[in-house]
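Participant:
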Ligand code: ADP
Ligand code: MG
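Residue numbers (full-length UniProt numbering): 1 to 361.
1) At what residues does the alpha helix (DSSP H) containing residue 334 begin and finish?
2) When DSSP labels each residue in this structure, what does residue 349 get in the three-state scheme?
3) Report, in whole angstroms, the separation of the C-beta atoms of residue 129 and residue 111, which I expect to be a contact under 8 angstroms.
4) Does the beta carbon of residue 41 fall short of 7 angstroms from some heavy atom of the ligand MG?
5) Within 10 Å of its beta-carbon, does residue 97 have 16 or more other beta-carbons around it, so buried, or fewer, so exposed?
6) What is the DSSP secondary structure of residue 87, reduced to helix, strand or coil?
7) Less than 7 angstroms separating the Cβ of residue 86 from some heavy atom of the ligand ADP?
8) Quick check on this structure: which residue in 37, 13, 99, 7 has the alpha carbon closest to the alpha carbon of residue 71?
9) Residue 44 and residue 50 look like a contact to me (Cβ under 8 angstroms); what is the Cβ gap, rounded to whole Å?
10) Does the Cβ-Cβ distance between residue 237 and residue 278 come in under 8 angstroms?
11) Please report how far the alpha carbon of residue 4 lies from the alpha carbon of residue 212, in whole angstroms.
12) Across which residues does DSSP place residue 326 in a beta bridge pair?
13) Sort out for me which residues DSSP pairs residue 309 with in a bridge.
14) Does any heavy atom of the ligand MG sit closer than 7 angstroms to the C-beta of residue 166?
15) Does any heavy atom of the ligand ADP sit closer than 7 angstroms to the C-beta of residue 48?
16) Within 8 angstroms, do at least three Cβ pairs link the region 182–202 to the region 158–171?
17) Taking only three categories from DSSP, how would you classify residue 150?
18) Using a 10 Å radius around the Cβ and a threshold of 16 neighbouring Cβ atoms, would you call residue 208 buried or exposed?
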């Protein structure tokens with residue numbers, strides 16, 4: 001296969017899907033650019049349009065309007081089986097009556113590869129996935145993790161330009177899921193293909209991705225690296241969906257003063273117009289006795305409702321004066337004296353906060 005077929009640059013413009021004439025759009029005029037070789041994750045809650053978007057890229061679902069281009073070619077002209085995409089979908093299981101070898105060889109047979117070449121490719125890919133020696137087993141003689149490895153092997157054996165994955169690890173237990181996440185990440189590094197991965201699991205998205213596109217109600221709400229989205233989530237929805245956030249909905253009195261309840265906090269001021277909600281990540285918050293907050297930190301009174309040991313850190317849950325709840329995650333040593341029922345000051349350095357847009361109607 002030539003180099004060109006390995007390039008997987010995808011441009012999505014004004015893409016929309018309405019399943020029925022009276023339905024809300026499942027995907028609502030989204031724009032997304034996916035660089036060749038990038039690992040991008042479509043992250044969002046159930047029903048936000050991730051699978052519909054992936055199915056339009058794959059060609060299983062016809063867009064209502066908009067375009068998807070692969071390396072400058074409009075995919076509207078390209079039928080599903082000619083798109084040459086690898087796929088690992090929730091409902092795209094292994095063939096139960098075929099051996100591991102035949103499952104993985106299937107895409108190569110469809111492409112009429114010579115027998116010798118096929119044996120070599122399948123052997124290499126099975127070795128890469130630690131499945132050597134299992135060629136003649138049937139899927140029901142494999143563990144769940146091994147079955148998913150076979151599905152991955154089958155999806156990449158023909159050197160596709162793009163690999164599409166829809167919650168491929170969703171059915172696995174936590175430990176197995178984590179070990180397969182590491183394999184998927186290694187696979188991406190080794191193969192250099194464009195990966196488009198769908199999940200509703202923010203930790204999985206953070207672990208795997210070069211870029212995350214956060215979906216909300218059929219729209220792409222924000223796109224960025226895991227670090228960008230975490231530190232500067234942009235919207236209240238993203239702040240809450242990607243990690244936890246303490247949310248203080250107050251107002252800017254002037255560019256350097258934020259008013260929340262009767263507290264005045266020093267801020268650097270938001271860079272985007274309309275950003276009026278102040279958010280602070282729990283690991284930036286510390287809990288102090290009423291007198292001992294460090295000079296210059298912003299703070300609010302709080303009542304501790306719970307303290308839980310999470311292993312590496314302790315989590316302190318609190319209620320704030322407006323009745324809202326929040327939390328601080330801090331080193332166990334620092335949290336050891338905090339007791340439920342106690343009145344404290346929750347505080348953070350002024351640089352630790354971010355500003356986001358309020359929830360859109
Ligand atoms: P996600 O993968 O993020 O959970 P989906 O793309 O599956 O979201 O669904 C987005 C919206 O489209 C949901 O409201 C869902 O009910 C609707 N939807 C999905 N598939 C169909 C379909 N085949 N027919 C009608 N509505 C659908
Ligand atoms: Mg889905």
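The beta carbon of each residue, even a glycine, is placed where N, CA and C say it ideally should be.
Facilitator: So, to answer that:
1) Residues 332–335.
2) Here DSSP, grouped into helix, strand and coil, assigns residue 349 to coil.
3) By a beta-carbon distance limit of 8 angstroms, residue 129 does not contact residue 111. Their separation comes to about 20 angstroms.
4) Answer for residue 41: no, Cβ out of range of the ligand MG.
5) The residue is exposed, with fewer than 16 neighbouring Cβ atoms inside 10 Å.
6) Note: residue 87 maps to strand in three-state DSSP.
7) Taking the Cβ of residue 86 as the reference point, every heavy atom of the ligand ADP lies at 7 angstroms or farther away.
8) If we check each option's Cα against that of residue 71, 7 comes out closest.
9) Sure, about 6 angstroms apart at Cβ, within 8 angstroms.
10) For residue 237 and residue 278, no; Cβs fall outside 8 angstroms.
11) Bear in mind that a pLDDT of 46 at residue 4, under 50, signals an unreliable position, so the model cannot answer this.
12) 318, per the DSSP bridge assignment.
13) According to DSSP, residue 309 bridges with 314.
14) Residue 166: yes, Cβ under 7 angstroms from the ligand MG.
15) Because some heavy atom of the ligand ADP lies under 7 angstroms away, the Cβ of residue 48 counts as near it: yes.
16) With a cut-off of 8 angstroms, the region 182–202 and the region 158–171 count as touching, because enough Cβ pairs lie within range.
17) Judged by DSSP in its simplified three-state form, residue 150 adopts helix.
18) Its Cβ being crowded by 16 or more others within 10 Å, residue 208 is buried.
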